[in-house]
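Numbering (UniProt numbering), first residue to last: 1 to 82.
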C-alpha cells in the first residue's frame, strides 16, 4: 500500500497521465516551482523532476512568467536574479 505523501511509481504515472491533457498544466507547474512545493505530482512533474529543474535553473525568479510565455527557450523569457 502506498503512503499518501510518497506515492509509488504506479500512482505517479497515473497522476502524470491526468496532467497530460489538463488545460491548467502550466499554471499548476508554475505554482509548484515558484512555491517550492516538495511533494506530489504538479503540472505533470514529480518532486524529483522539479528539484532537478530548480537546481539546473537557480537564476529563475518567476517560473510563472517562463511557463506561461510558451516559448521554447526558457533563457529568453525567464526573470533572473540580479
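Backbone N, C-alpha and C fix where the C-beta goes; we use that ideal spot for every residue, glycine too.
These figures come from a predicted structure and were not determined experimentally.
Out of 59, 37 and 60, the CA that lies nearest to the CA of residue 49 is found in 37. Per DSSP, residue 66 is one residue of the alpha helix (DSSP H) stretching across 63-69. By the beta-carbon neighbour count (other beta carbons within 10 angstroms, threshold 16), residue 24 is exposed.
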